[in-house]
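Just so it is clear: in the sequence shown, position 115 is 558 by the working numbering, and no numbers are missing. No residue lacks a Cβ here, since even glycine has one placed at the ideal position from N, Cα and C. To start, the structure under review is shown below, and the notes come after it.
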Amino acid sequence: MKAGYANYFNFSGRATRPAYWWFQLWILLLLMGLGIFGVMAIGVHDGSGLKLVAELFAALFGLMILPAISLQVRRLHDAGHSGWWVLISFLAHVARSIWMVAMRHDPGIAADLVALLLDLVSLGLSLTILIFSFQRSKQG
């Protein structure tokens, strides 16, 4: 977990597999805890519980996104790959989101096919990065 926060703004260098996966586990545990809290908050009838969960999620996202991205880039470097894969994957997800917003009032088969294509590209890039993250360190 320390590797993610120690180099918060460092997008160069390397991150070992254990450092990367321990940080991912930390994020998973935080999200699970927030999810459990969210399930309990559903019982609050005035909506304040869900609002609090949304605010906590936004705060957690804000605190975790930059260290997670920088650690992902360094992990790719350690496995011998370019960190630009992360940006390309992010742009594919953004393009998919923009397309869905733009086409929400004009549904049709062509819009659905483009959305499917963007989904497949995003999924492929995400799986590629996941596979790269599992690879052993490369010397050099």
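My output table needs one value for residue i: the three-state DSSP class, helix, strand or coil.
| i | result |
| --- | --- |
| G467 | The question names Gly, yet the displayed sequence has Gln at residue 467. Q467: helix per DSSP, three-state reduction. |
| H524 | coil |
| H548 | coil |
| A584 | Residue 584 is absent from the model: the chain starts at 444 and stops at 583. |
| F504 | helix |
| G481 | helix |
| V517 | Looking at the sequence itself, residue 517 is Arg, so the reference to Val does not match. The answer is helix: DSSP assigns R517 an H, G or I state. |
| S580 | coil |
| S455 | coil |
Within the same chain, show all residues whose beta-carbon is closer than 6 Å to that of residue i, passing over the 5 residues directly before and after it, in chain order.
| i | result |
| --- | --- |
| S565 | A535, H536, R539 |
| H524 | F575 |
| R457 | R517, H520, D521 |
| Y448 | P510 |
I think residue i touches residue j, with their Cβ atoms under 8 Å apart; what is that distance to the nearest whole Å?
| i | j | result |
| --- | --- | --- |
| F454 | S513 | 5 Å |
| V496 | G476 | Not quite, the Cβ-Cβ distance comes to about 11 Å (not below 8 Å), so this is no contact. |
Mind checking whether the beta-carbon of residue i lies closer than 7 Å to any heavy atom of the ligand NAD?
| i | result |
| --- | --- |
| S513 | Within the structure as shown, the ligand NAD is missing, as the structure has no ligands at all. |
By Cβ distance, which residues of its chain are closer than 7 Å to residue i, with the 5 residues on each side in sequence left out?
| i | result |
| --- | --- |
| S569 | S532 |
| G526 | F454, V516, L519, H520 |
With a threshold of 8 Å on Cβ separation, who are the neighbours of residue i within its own chain once the five nearest residues in sequence on each side are excluded?
| i | result |
| --- | --- |
| I485 | G492, L493 |
| L473 | L503, M507 |
Inset, instruction - Would you check if the segment 503 to 518 and the segment 554 to 561 touch, i.e. whether three or more CB-CB distances between them fall below 8 Å? - result: no
Inset, instruction - For the segment 567 to 582 and the segment 514 to 522, state whether three or more C-beta atom pairs, one from each stretch, are separated by less than 8 Å. - result: yes
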